[in-house]
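So the structure is just underneath, and the comments pick up after that.
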Amino acid sequence: ETKRAKILMLEVPYNIWEALDAETVKRKGPMGRLELQATTIELLAERLKELGYILPQ
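So the mapping is simple: the numbering used here equals the position in the sequence shown, first residue as 1, plus 1137.
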């Protein structure tokens, strides 16, 4: 059975959104919604690895 991606919708405070926006610009240049989503996923994956989770590529 193939595991598919899941949708996770988050409501975040504006200051967190601003920080994600700034990090996206640093990592990917001029941003769009898909780049913001990709940056958020990268940051979550980085933090989960720091917490000891092994994440498949």
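All C-beta atoms in this analysis are idealised placements derived from N, C-alpha and C, irrespective of residue type, glycine included.
Residues of its chain near residue i, where Cβ-Cβ distance is below 6 Å and the 5 sequence neighbours each way are ignored
{"i": "Lys1165", "result": "Glu1172"}
Residue i vs residue j beta-carbon contact at 9 Å
{"i": "Thr1176", "j": "Glu1160", "result": "yes"}
Separation of residue j from residue i, as counted between CA atoms
{"i": "Val1162", "j": "Gly1169", "result": "9 Å"}
{"i": "Met1146", "j": "Glu1183", "result": "19 Å"}
{"i": "Asn1152", "j": "Leu1180", "result": "16 Å"}
Chain-order list of residues whose beta-carbon lies under 8 Å from that of residue i (same chain, five-residue window excluded)
{"i": "Arg1141", "result": "none"}
Close beta carbons around residue i, own chain, < 7 Å, minus the five adjacent residues each side
{"i": "Lys1143", "result": "none"}
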